[in-house]
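Read left to right, the sequence shown gives residues 0 to 342 (numbering that gives the first Met the number 0).
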Amino acid sequence: MLKGKFRIIMLVAFVLVTGLLLTGCPAEEETAVEQEPTFPTGNIIWAISRDPGDGQDITARLLAPYLAQELGVNVAVDNKPGAGGRVGFSELFRQNPDGYYLGQDVLGQMANFHVLGELDHPLEEIEWFSIIFKSPAALWVGADSEIKTIQDLIDLDRPVLIGETSLGGTHVPWTIGLFNALGIEFDYVTGFGGRPEIATAAMRLEIDAVSSSVSGYAAQAEAGDLRALLIMGEERHPLLPDTPTLGEVAAELGNPDIEKFLPMGMAIYMVGAPPGTPREVTKVFEDAFQRIIEENEEFKAKAAEAKVDTVFMGYDETRAMLAEVIAILEDMDIKSIIEGLEQ
Numbered sequence: 000m001l002k003g004k005f006r007i008i009m010l011v012a013f014v015l016v017t018g019l020l021l022t023g024c025p026a027e028e029e030t031a032v033e034q035e036p037t038f039p040t041g042n043i044i045w046a047i048s049r050d051p052g053d054g055q056d057i058t059a060r061l062l063a064p065y066l067a068q069e070l071g072v073n074v075a076v077d078n079k080p081g082a083g084g085r086v087g088f089s090e091l092f093r094q095n096p097d098g099y100y101l102g103q104d105v106l107g108q109m110a111n112f113h114v115l116g117e118l119d120h121p122l123e124e125i126e127w128f129s130i131i132f133k134s135p136a137a138l139w140v141g142a143d144s145e146i147k148t149i150q151d152l153i154d155l156d157r158p159v160l161i162g163e164t165s166l167g168g169t170h171v172p173w174t175i176g177l178f179n180a181l182g183i184e185f186d187y188v189t190g191f192g193g194r195p196e197i198a199t200a201a202m203r204l205e206i207d208a209v210s211s212s213v214s215g216y217a218a219q220a221e222a223g224d225l226r227a228l229l230i231m232g233e234e235r236h237p238l239l240p241d242t243p244t245l246g247e248v249a250a251e252l253g254n255p256d257i258e259k260f261l262p263m264g265m266a267i268y269m270v271g272a273p274p275g276t277p278r279e280v281t282k283v284f285e286d287a288f289q290r291i292i293e294e295n296e297e298f299k300a301k302a303a304e305a306k307v308d309t310v311f312m313g314y315d316e317t318r319a320m321l322a323e324v325i326a327i328l329e330d331m332d333i334k335s336i337i338e339g340l341e342q
């Protein structure tokens with residue numbers, strides 16, 4: 000009798016458990032938690048703090064289609080020129096930290112503005128995450144200029160007129176240091192909107208000289224509109240094989256001390272996101288830039304054809320280089336030098 004009851008109880012229990020398994024548990028696809036879409040899901044604005052045609056603009060527009068391809072969304076390059084890059088910087092600072100707005104600027108210039116106290120927001124609060132361009136600077140003159148060498152600058156019987164966007168410009172510190180060390184008198188002509196405008200002024204001989212990256216003026220040099228007097232590099236550049244390096248000029252003039260300005264003579268473009276942008280978001284862009292610049296053979300061929308010196312440096316290297324340049328500028332007391340020029 001007990002055995003019969005036990006069998007009935009076991010049978011009922013089996014039916015109940017089976018029923019729960021069949022009716023109480025939805026299919027696997029019904030219980031799966033929907034995954035959040037992977038960033039990014041919307042279009043990206045990549046703001047450039049210079050005019051169209053500037054070296055920064057050329058670099059960004061070269062990279063943008065490949066970045067769009069990597070991320071699977073549209074990437075629109077938007078020019079935000081003005082105040083030597085400060086308009087674009089301020090615009091970047093005000094954006095939402097959601098990863099859909101990037102800003103690009105020149106590392107040396109932003110560092111200079113920072114040391115001079117001419118930024119309206121803290122530079123270090125921007126999430127700078129990559130360096131995408133690094134090119135040695137050169138000292139340029141118009142092709143028809145009477146100035147052929149650095150010695151000609153030294154021998155000039157009047158102050159050299161140097162064109163710049165502002166005294167906070169990227170190339171101002173090394174140019175001032177070099178000219179002072181060589182005893183060259185100079186005056187700055189500021190207020191230009193960007194490198195293309197300054198190049199035009201040099202070609203028209205409205206100014207004597209301009210400091211800019213090799214890549215930035217490669218097209219003008221190739222067209223025979225500008226000529227470089229020296230390059231701020233340890234080796235001659237393939238785009239300017241006949242232009243002496245700073246070291247060669249130092250040896251020719253018997254003034255080795257001027258070589259200390261070499262680390263400052265570099266044009267560097269860095270990309271960042273608004274303050275508060277999560278690191279996991281900026282890492283997506285950082286990794287994409289690395290793949291494009293270091294691994295994409297089609298891109299590398301186009302960069303070489305366009306004479307654009309793209310490089311990749313990640314988050315830690317970018318922030319370390321920014322800190323290093325700021326330290327150099329503070330050590331040379333660039334603020335006092337600039338204040339003296341403005342008096």
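Glycine residues also receive a C-beta, built at the ideal position from the N, C-alpha and C atoms.
All of these numbers come straight from a predicted model, not from anything done at the bench.
Checking the DSSP bridge columns, you'll see residue 245 has no partner listed. Between residue 58 and residue 282, the alpha-carbon positions lie close to 20 angstroms from each other. Residue 309 counts as buried, since no fewer than 16 other beta carbons sit within 10 angstroms of its beta carbon. The beta carbons of residue 69 and residue 287 sit closer together than 7 angstroms. In the assembly as shown, residue 272 is a buried residue. Its beta-carbon has 16 or more other beta-carbons within 10 Å. In this structure, the straight-line span from the alpha carbon of residue 151 to that of residue 280 is close to 52 angstroms. Closest in alpha carbon position to residue 84, among 54, 74, 145, 254, is 54. Counting only runs that start and end inside the segment 239-312, the beta strand (DSSP E) elements of at least 3 residues fall at 265-272, 309-312. Taking C-beta atoms under 8 angstroms as the contact rule, residue 191 and residue 164 qualify, at a distance of about 5 angstroms. In the displayed model, residue 159 falls within a strand according to three-state DSSP.
Judged by DSSP secondary structure, residue 213 falls outside any beta strand (DSSP E); it is assigned neither H nor E. Beyond the five residues adjoining it in sequence on each side, residue 177 comes within less than 7 angstroms, by CB distance, of 257, 260 in the same chain, given in chain order. In the DSSP assignment, residue 321 forms no beta bridge with any residue.
The alpha helix (DSSP H) runs lying completely inside the segment 58-125 and spanning 4 residues or more are 85-93, 106-115, given in chain order. Judged by beta-carbon spacing, residue 139 lies beyond the 7 angstroms limit of residue 61, meaning their Cβ atoms are not closer than that value. Counting along the chain, no beta strand (DSSP E) covers residue 337; the unbroken alpha helix (DSSP H) around it starts and ends at 333-341.
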